[in-house]
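J.:
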Amino acid sequence: MEFCQLYLQADSAFASVSELGELGLCEFKDLNPDANSFQRRFVTEVKRCDNMSRILRVIEDELINAEMEIIETDTNIPSPLPREMAVLEGKLENYEEEIKGIEQSLAELKKVYIEQNDLRNCLKKVQVLLDGGQRTQALQSISEAQGHHVHIGNGVSKENQEKRDESELKFMAGVMPRSLTLAFERVLWRMCKGNVYMRAVDIDEDVTDIFHDNVAKSAFILYFSGEQLRSRVKKICDSFKVNMCQCPERATERAELLVSVSGRLEDMKNITLKTQDMQFKKLMEAAHNHKTWSIQVLKLKAIFHTLNLFNMDVTQKCLIGECWVPKADMPRIQNALRRGMEISGTSVPSIMQRMETCSTPPTYHKTNKFTQGFQNIVDSYGIATYREVNPAPWTIITFPFLFAVMFGDSGHGIIMLLCALAFVIFEKKLEAAKIKDEIFQTFFGGRYVVLLMGCFSIYTGLIYNDFHSKSINIFGSSWTNPYNKSLLYEMMHEQEVGKNTLYLTLPPEYAYDSKNGPYPFGVDPVWNVANNRLNFLNPMKMKTAIILGISQMVFGVFLSLMNYIHFRSPVDIIFVFIPQLLFLCCIFVYLCFQVIIKWIFFYSLKHGESAYIFGQEYKGTHCAPSLLIGLISMLMFTSRHVGFQDSDADKSTPGLEACYLQLWYPHQDIVEKILVIIAAICIPIMLLVKPFWLRFQASRGHHVGGHGHGGGGENEEFNFGDTFVYQAIHTIEFALGCISHTASYLRLWALSLAHAQLSEVLWTMVLHISFSIGGWGGLAAQWAIWWAFSILTVSILILMEGLSAFLHALRLHWVEFQSKFYGGDGVQFEPFGFAKLIRIAEGLEN
């Protein structure tokens, strides 16, 4: 990384920063840290961009309300120049005014239309009620409420009385929500004491109406007499917010009004349709341009925000900025500045010059879509210290491999591989879909990690010979059946008589085909049906986990050597790396060699036979050395017998009583004592030499760093106490960590065992049941059980167990592996780039 200073002419600064944003390789430093956002030079432009962003949100809300989708366009849209910013701003403001004006017009049209439509419906329903003789019924009801009963009989006086009473009746009509009709009628009855006669008719919804308020309504008519009641009725109607309609008394006037209202509604419908068509065109145009406008505004705001990080020189004609840039990409940055000068039309070139600084440079790792997922795994623990070894290249192999050691099932690995392949094959379509779901983005971003995890799971599953908890006999087992048919029939008869379970023992000296040798690849399938299968697989997986773990830790120590060489720290090479390597090799690598030697040389023998291993007579597997007890005896300097058999004993004896605890190669006790002494000497060397050497160098006036890779900054003073404490912590951590981390790698064995047992339980308790069901009903049961088995396999064995193995693999890399060489105290390189800002704005990246 290079720290550079930029000199940009005021006229070309905008275009130059825009080109740098398209490139995305410059991390700018804020040269005005004490100034708040309102004291910056381009605060006005930033506010204008905020206003345009607000307008775009308003337009987006209108598109959502209109159920219209924003049309996706290419994100490679150039940023508008400052002189074009006013044009864009004016265009957006005009759009906002037009869309809001149309929305307001439609709202007013809707309100008037609904009122006129209610009046039309009311006139129609009132005419029906009036034609149905409701006036006479109203008169009778009101008279009964007042205590005046109208007696029907012969006489003109009664008819005149009825006509006079009917002429005094007044009526009001209106429209109200159907749900309020019953409550409205009760209130009228109680408040007016039965002196108001009400009839209501439901209004059927007209599907041809252009506006609907989605409320079921009823038209009503009220009969009453007297102005006092009119006032009271009107107050009740106002309290219920009833839409009152001016309904004429005469039928001819009502008919004329109905024709007039219908004509107005038709005119309003035509006006509304034209207005909606205009709104649709405006919104459609906005939907096509919204993405472009959003990207342009985003780029404008980002450029002005970046320019606010610059300083203005004393002549007010030049902007000065400072930035971190990758050294290898400096020619590209120079070309971008040149393009910015050409776009702005200025003749004065922009200047970029290197600067010396005491600040720690940010860490930048160039990645692609394949390596990005693995780099994210490393960066989640901590950003690499500047120029120290990046573990991501090795993590590409070790992470999925250690995951697979714990996952270890070919069948489940194939499912995982197919899912990852689907993501990889359709990645362009999935990227174009821009799915914002966080869980989906997690899996899609790590698709290549999952792909390798599936590949390695298939490989380790073949090594374990585990396919959905079952073995596959590809090459033919190396074990044979030593029993003849007559013996087997006799044993089966004894089993039936005694009702005992029949167990067959396959002694290696008789059942194992030593001529053909072991199974060519992986575990022999015969172990899948053996009762002592776990007794065989557990030690194998446990010792394999120890070898893998110690190998990775040793590799981590060698990576620390690369750091020391790069930072030119001979004291770390001689007095840290070498003692650490010796400490690991003298105890733990020695243990790994013992494991491998035991696998190779200590095998089963036929009864009465013996073999000589490293000059010692070996009688059988009961004398195979116990490595755990041997390691404890080595560290405790325990005295042991040499060989598996007493030299004075008879050669026909099976060996010493505890022959597996004895020394098994010449001068083993001397070798182990030397190894333990070397390991013990390494601890004080790691603890004391480096601090005192740095103190000696500091006393001679040499600049030395307190700790870390290559020392600290230029102005850091040496402090012996801090350095000694720091070195003591790291020495203790390394010494104890070698033991605890070795034990931690046993999780490779534990999770493999758990996954295999869970897979076997699922097969036995679920899928195996379907094999015993026959008939047509059995087909349906098998289909249902198969689906249940599939769902449980995916949800438990692949997702849950896969997540568990993934987290344990993370732990092994972050703690056990990276602690040997990785500082992780760096700062992430965060360049100014439009591509990342656009993805963040779209919700596709955090």
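Under the UniProt record's numbering, think of the first position of the sequence shown as 1, with each following residue one higher.
Don't be surprised by glycine CBs; every beta carbon is placed ideally from N, CA and C.
1) Would a C-beta distance cut-off of 8 Å place residue 864 and N563 closer than the cut-off?
2) Would you please state the rounded distance, in angstroms, between the beta carbons of L762 and L797? I believe it to be under 8 Å.
3) Between the alpha carbons of Q104 and I396, how many angstroms are there, rounded?
4) Check whether the region 349-366 touches the region 783-797, taking contact to mean three or more Cβ pairs, one atom from each stretch, closer than 8 Å.
5) Taking the alpha carbon of F220 as the reference point, which residue from M176, R568, V196, F211 has its own alpha carbon closest?
6) With DSSP as the reference, label V642 as helix, strand or coil.
7) Quick check on DSSP: helix, strand or coil for E72?
8) With a 10 Å radius around its C-beta and 16 neighbouring C-beta atoms as the bar for buried, classify N36 as buried or exposed.
9) Quick one: is F521 near chain E, going by C-beta distance under 8 Å?
10) Excluding the 5 residues preceding and the 5 following S79 in the sequence, name in chain order all residues of the same chain whose CB lies nearer than 7 Å to its CB.
11) Count the other CB atoms, across all protein chains shown, that sit within 10 Å of the CB of residue 851; report buried if there are 16 or more and exposed otherwise.
12) Residues in its own chain within less than 6 Å of K543 by CB, not counting five upstream and five downstream?
13) For I573, tell me which candidate among H808, N531, I458, K690 has the shortest Cα-Cα distance.
14) In whole angstroms, what separates the C-alpha of E67 from that of Y95?
15) Could you tell me the distance, in whole angstroms, from the CA atom of G710 to the CA atom of G824?
16) Taking the beta strand (DSSP E) that C586 falls in, what are its first and last residues?
17) Once DSSP output is grouped into helix, strand and coil, what is the label at L418?
18) Between E760 and the rest of its own chain, which residues show a CB-CB distance below 7 Å, the 5 nearest in sequence each way excluded?
19) Is the separation between the beta-carbon of residue 858 and that of I383 shorter than 8 Å?
20) Indicate the three-state DSSP secondary structure (helix, strand or coil) for D372 in the structure shown.
21) Any idea which residues DSSP pairs N51 with across the strands?
22) For L751, which of Q116, K125, M406 has the nearest alpha-carbon?
23) Just to confirm, is the Cβ distance from F644 to Y618 under 8 Å?
24) For the region 235-244 and the region 183-193, state whether three or more C-beta atom pairs, one from each stretch, are separated by less than 8 Å.
25) Can you grab the Cα-Cα spacing for the pair N121 / G90, in whole Å?
26) Closer than 8 Å by C-beta to T398: which residues in its own chain qualify, once you throw out the five before and the five after it? Chain order, please.
27) Fully enclosed by the region 340-393, which alpha helix (DSSP H) runs are 4 residues long or longer?
28) Does the region 672-691 come into contact with the region 575-585, if we say contact requires no fewer than three beta-carbon pairs (one atom in each stretch) closer than 8 Å?
29) Count the other CB atoms, across all protein chains shown, that sit within 10 Å of the CB of T306; report buried if there are 16 or more and exposed otherwise.
30) Is it buried or exposed, I791, if we count other Cβ atoms within 10 angstroms and call 16 or more buried?
31) Please state whether the Cβ-Cβ distance between S218 and D206 is less than 8 Å.
32) Apply the 10 Å Cβ neighbour rule to T723 and answer buried if 16 or more other Cβ atoms are within range, or exposed otherwise.
33) For V725, count the other beta carbons within 10 Å of its own beta carbon; 16 or more makes it buried, fewer makes it exposed. Which is it?
34) Can you grab the Cα-Cα spacing for the pair H288 / F280, in whole Å?
35) Which class does F171 belong to by DSSP, given the choice of helix, strand or coil?
36) When you compare each of R695, H730, M453, L222 to G174 by their alpha carbons, which one comes out closest?
T.: Considering the structure as presented:
1) Here the chain comprises residues numbered 1 to 846, so residue 864 is not present and cannot be evaluated.
2) Counting from one through the sequence shown, the residue named residue 762 turns up at place 762. Counting from one through the sequence shown, the residue named residue 797 turns up at place 797. Yes, they are in contact, since the Cβ atoms of L762 and L797 sit about 7 Å apart, within 8 Å.
3) Locating residue 104 in the sequence shown gives position 104, where the first residue counts as 1. Locating residue 396 in the sequence shown gives position 396, where the first residue counts as 1. If you take the alpha carbons of Q104 and I396, they lie about 59 Å apart.
4) Flag = no, the region 349-366 and the region 783-797 do not touch.
5) Within the sequence shown, the letter at position 220 stands for residue 220. It is M176 whose Cα lies nearest to the Cα of F220.
6) Within the sequence shown, numbered from 1, the residue matching residue 642 stands at position 642. In the structure shown, V642 sits in a strand (DSSP, three-state: E or B).
7) Taking the first residue of the sequence shown as 1, we reach residue 72 at position 72. In the three-state reduction of the DSSP assignment, E72 falls in the coil class.
8) Residue mapping note: residue 36 aligns to position 36 of the sequence shown, counting from 1. Exposed: under 16 other Cβ atoms inside 10 Å.
9) Annotation note: the requested chain E is absent from the structure, which comprises a single protein chain.
10) In the sequence shown, residue 79 corresponds to position 79, counting from 1. The beta carbon of S79 sits closer than 7 Å to the beta carbons of S18, Q296, K299, L300, I303 from its chain, once the five residues preceding and following it are set aside; these are given in chain order.
11) Any property of residue 851 remains undetermined from this structure, which presents the chain solely from 1 to 846.
12) Reading the sequence shown from its first residue, position 543 is the one you call residue 543. So the qualifying residues of the chain are V595.
13) In the sequence shown, residue 573 corresponds to position 573, counting from 1. Out of H808, N531, I458, K690, K690 has the C-alpha closest to the C-alpha of I573.
14) Looking up residue 67 in the sequence shown gives position 67. Looking up residue 95 in the sequence shown gives position 95. Y95 has its alpha-carbon roughly 18 Å from the corresponding atom of E67.
15) As a working note, residue 710 is residue 710 in the sequence shown. As a working note, residue 824 is residue 824 in the sequence shown. At G710, the pLDDT of 48 sits below 50, so the modelled position is not reliable; the number obtained from the coordinates is stated separately. The alpha-carbon separation between G710 and G824 amounts to approximately 15 Å.
16) Indexing the sequence shown from 1 puts residue 586 at position 586. No beta strand (DSSP E) contains C586, which DSSP labels as neither H nor E.
17) Position 418 of the sequence shown, counted from the first residue, corresponds to residue 418. Three-state result, L418: helix.
18) The residue labelled residue 760 in the question sits at position 760 within the sequence shown. Only S469 meet the Cβ criterion.
19) Nothing can be reported for residue 858, as the shown portion of the chain is limited to 1 through 846.
20) In the sequence shown, residue 372 corresponds to position 372, counting from 1. With the sequence shown as reference, residue 372 is identified as Gln, and Asp is not the correct amino acid for it. Correct three-state label for Q372: helix.
21) Against the sequence shown, residue 51 aligns to sequence position 51. DSSP output for N51 lists no bridge partner at all.
22) For the purposes of this step, residue 751 is taken as the residue at position 751 of the sequence shown. It is M406.
23) Walking along the sequence shown from the start, residue 644 turns up at place 644. Walking along the sequence shown from the start, residue 618 turns up at place 618. Going by C-beta atoms, F644 is nearer than 8 Å to Y618.
24) The region 235-244 and the region 183-193 touch, with no fewer than 3 CB-CB distances between them shorter than 8 Å.
25) As a first step, residue 121 must be located in the sequence shown, where it is residue number 121. As a first step, residue 90 must be located in the sequence shown, where it is residue number 90. Their Cα atoms are separated by approximately 46 Å.
26) Position 398 of the sequence shown, counted from the start, is the residue given in the question as residue 398. These residues qualify, in order along the chain: Q552, H813, F817.
27) Entirely contained in the region 340-393, the alpha helix (DSSP H) runs reaching 4 residues are, in chain order, 372-381.
28) These segments touch.
29) As a working mapping, residue 306 is identified with position 306 in the sequence shown. Buried, because 16 or more other Cβ atoms sit within 10 Å of the Cβ of T306.
30) By 1-based counting over the sequence shown, the position of residue 791 is 791. Using a 10 angstroms sphere on the CB of I791, the tally of other CB atoms stays under 16, which defines it as exposed.
31) As a first step, residue 218 is located in the sequence shown; it is residue number 218 there, counting from the start. As a first step, residue 206 is located in the sequence shown; it is residue number 206 there, counting from the start. Judged by beta-carbon spacing, D206 lies beyond the 8 Å limit of S218, meaning their Cβ atoms are not closer than that value.
32) Walking along the sequence shown from the start, residue 723 turns up at place 723. Counting Cβ neighbours within 10 Å, T723 comes out buried, since at least 16 surround it.
33) As a first step, residue 725 is located in the sequence shown; it is residue number 725 there, counting from the start. Its Cβ having fewer than 16 others within 10 Å, V725 is exposed.
34) The residue you call residue 288 lines up with position 288 of the sequence shown. The residue you call residue 280 lines up with position 280 of the sequence shown. Linking H288 to F280 through their CA atoms gives a straight-line distance of about 12 Å.
35) In the sequence shown, counting from the first residue as 1, residue 171 sits at position 171. Of the three classes helix, strand and coil, the one that applies to F171 here is strand, per DSSP.
36) On the sequence shown, residue 174 is found 174 positions in, with the first residue counted as 1. Per the Cα distances, L222.
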